[in-house]
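Let me begin by presenting the structure, written as structure tokens, before commenting on it.
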Amino acid sequence: MRSASRNNACIKIFCERRKLMKKTLSCLLAALMGCTICACGSGGGGDKDKVTLIVDLHGWMPTINTTATASTPNVYNSPRYIAEAFEKLYPEVKIEWARTKNVGGSSNDASGEMSSYFINAIEKGTCPAIAFSWGTAYQERDYYIDLTEYLEQPNPFETKEELKGKPWKDAFYDYVWDLERIRTYDGRIVAVPVATYSGTASAIYYNCSLMADIGLMDTAKPAADDDYTLGRDEPFTWGNYMDAIDALKAKYPSAKAITDPNASLTAGNWLLQFNLGPAYMKKLEPVLDKDGDGKVSGKEKLQGVVDGVFNPVDKPYAQELLSYIKEYYSTKIKNGDIAGAKDAQEWNDGKSGFYHAGSWNYSDQLSTPKKYEFSLLPAPMIDESESEYVEVEWVEGLENYQPDVDLELNLMKPAFMENGVFNQKKFDYALKFLQYLTTYESNSAMISESNTSMGAVKGVELPSIIKNSPYKSCQFPVGSVYQWPAGFTSKAGAELDTLMASWVKGQMNDADFYRQWNEKQVADAKDYAKALNITLAAGA
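First residue of the sequence shown? That's 82 in the working numbering, and the numbers climb one at a time after it.
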């Protein structure tokens, strides 16, 4: 259990780490400038003569202010210092940050605001050369450069002895290359990982006092005992989570049992992505794996949709999965009020038992004043004891878990097209900067300063607040690395969002929802396959 004193200790570590960052980053800058690669730029001319690379790092952008102030206490400088070091190596290059993009956009937004951003940026000639776009979200639009061949070559900027001279891809953990946000449905690697989540992508933060009130925690347990936390001695499952919410609602009917700022009624909602979908998907992997290679390719997933594997009209497991999502949104969140769930103040005031947010939100939680003890859990996943239709493995400790990517970057093909001609020089510099961003030294600096997510490069140390948290000793759920399908194209994704919202709000019955959901998914899968030149069988 994390006491207020333990929270304060973590905050102290967090603040001390921040204070050391300026010195650490200065050392990093010196190390980067000592790279054995010689600058090959001309070193002359003003900005108008330079090759400008617009770079988008999503939530990892350097802050505008470089020093903390009362109004802007949080600063993030490491990408800026890395860019400055790169510009010294290549004086003919100018790095420009893509600050017009909504860095708060979520994966649920791939069919909305983020999609519009890229469409408009391409039309205006301001598309970032390096961008975050949820990895492969727009693969049917031909936005991405295929990085496969470049990853087989050494990263010329890498100075760590164990990685020097080896293929660029060897610097990263092997499992990431099969993730759907890294590899396209036709097998191309179009994104390079920079960071992974610190455990599960979403997490459940909990109020220890309220957990004690409903009998889930022992208040007599020493508060300083880091080994005592929910989900450590045995898995904390989806069923446990639902029971706890019900217990809180029964004891405190006027308070929120859970605050969920991510409770958007979208087809690709967090429950489908992180809590429920992976467990159901894992059970279906042998059904989908037609060629028996132990993996589910993009083509096999699309074929599964066309064949009716995910059809809720006649597949009880699909019905069960969707019914749990409806139950959560319509009954577990107070009064079914989705908009009200976005107000985090009740959580900060100690009036909510749970706060469903990203694991990357941990540092913000620690730095936000609270008068109560709190800790966090990996995303509760539905367990085999709770459904016959799922398959889940639980691993003990963060060191045994393979997290999904948090930040991955693409080289955006439209950024290099000028009057129909591919600008090879601009591409070469963009590739170099992407390589420069993903050296061990650069990755260490970005992860250390962010102090929440983990490095995608091998050997990068855990963020200090995770290293000092009992969370790292929890039981972590392992489902499928392949996501349960929602919309494939942006257009269908938006249509399915509307359909999901109507159903959850009681505006259509189950039968109509299941039928329309399946019809739209099948049509969308066929359109997507056609756009990617993937040939599918006619289907069941």
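The C-beta atom is built at its ideal place from N, Cα and C for all residues, glycine as well.
Residues near residue i in its chain [Cβ-Cβ closer than 6 angstroms; skip 5 each side]
i, result
"residue 137", "179, 182, 209, 212, 213"
"residue 291", "434"
"residue 311", "317, 458"
"residue 377", "366, 369, 370, 563"
"residue 198", "182"
Closer than 6 angstroms: residue i CB and nearest the ligand FAD heavy atom
i, result
"residue 205", "This structure lacks the ligand FAD, and indeed carries no ligand of any kind."
7 angstroms Cβ cutoff met for residue i and residue j
i, j, result
"residue 464", "residue 318", "yes"
"residue 359", "residue 540", "no"
"residue 461", "residue 322", "yes"
"residue 352", "residue 406", "yes"
"residue 413", "residue 326", "yes"
"residue 497", "residue 507", "yes"
"residue 436", "residue 286", "yes"
"residue 175", "residue 128", "yes"
"residue 617", "residue 387", "yes"
"residue 473", "residue 557", "no"
"residue 328", "residue 487", "no"
"residue 320", "residue 467", "yes"
"residue 613", "residue 261", "no"
"residue 455", "residue 288", "yes"
7 angstroms Cβ cutoff, residue i in contact with chain C
i, result
"residue 355", "Note that chain C does not occur in the displayed structure, where there is just one protein chain."
Beta-carbon proximity list for residue i, same chain, < 7 angstroms, skipping 5 on both sides
i, result
"residue 403", "393"
"residue 152", "none"
"residue 495", "203, 208, 224"
"residue 159", "106, 526, 527, 530"
"residue 586", "none"
"residue 382", "369, 563, 566"
"residue 133", "175, 177"
C-alpha distance - residue i paired with residue j, whole-angstrom precision
i, j, result
"residue 385", "residue 216", "22 angstroms"
"residue 543", "residue 485", "15 angstroms"
"residue 411", "residue 356", "17 angstroms"
"residue 274", "residue 195", "19 angstroms"
"residue 599", "residue 348", "12 angstroms"
"residue 429", "residue 441", "17 angstroms"
"residue 615", "residue 146", "47 angstroms"
"residue 420", "residue 337", "A caution first: residue 420 carries a pLDDT of 47, below 50, which makes its placement in the model too unreliable to give a value."
"residue 271", "residue 330", "46 angstroms"
"residue 550", "residue 313", "12 angstroms"
"residue 563", "residue 363", "8 angstroms"
"residue 143", "residue 523", "14 angstroms"
"residue 395", "residue 554", "40 angstroms"
"residue 117", "residue 519", "A caution first: residue 117 carries a pLDDT of 39, below 50, which makes its placement in the model too unreliable to give a value."
"residue 266", "residue 164", "32 angstroms"
"residue 499", "residue 200", "16 angstroms"
"residue 233", "residue 425", "45 angstroms"
"residue 445", "residue 150", "17 angstroms"
"residue 375", "residue 257", "16 angstroms"
"residue 490", "residue 354", "20 angstroms"
"residue 343", "residue 408", "16 angstroms"
"residue 610", "residue 379", "9 angstroms"
"residue 400", "residue 264", "29 angstroms"
"residue 504", "residue 219", "22 angstroms"
"residue 154", "residue 532", "15 angstroms"
Residue span of the alpha helix (DSSP H) that contains residue i, given as start and end
i, result
"residue 511", "505-518"
"residue 400", "397-408"
"residue 159", "159-170"
"residue 387", "379-387"
"residue 329", "319-332"
"residue 524", "521-531"
"residue 577", "571-585"
"residue 473", "Element bounds for residue 473: n/a, residue is neither H nor E."
"residue 609", "591-612"
"residue 229", "229-232"
Element boundaries [beta strand (DSSP E), containing residue i]
i, result
"residue 644", "With the chain covering 82 to 621 only, the question about residue 644 has no answer from this structure."
"residue 457", "455-459"
"residue 368", "Per DSSP, residue 368 belongs to no beta strand (DSSP E); it is in the alpha helix (DSSP H), 358-369."
"residue 176", "174-178"
"residue 491", "486-492"
"residue 559", "556-559"
"residue 283", "283-288"
"residue 133", "132-136"
"residue 435", "435-439"
Cutoff 8 angstroms; reference residue i; Cβ partners in own chain excluding five residues on either side
i, result
"residue 397", "470"
"residue 608", "569, 570, 573"
Checklist entry - If we count Cβ pairs, one from each stretch, closer than 8 angstroms, do we get three or more for the region 533-547 versus the region 566-574? => result Verdict: no, contact absent.
Next on the checklist: Would the region 241-254 count as touching the region 598-614 if we require 3 or more Cβ pairs under 8 angstroms?
Outcome noted: Too few Cβ pairs lie closer than 8 angstroms, so no.
Checklist entry - So, do the region 474-482 and the region 230-248 have three or more beta carbon pairs nearer to each other than 8 angstroms? => result With the rule of 3 Cβ pairs closer than 8 angstroms, the region 474-482 does not count as touching the region 230-248.
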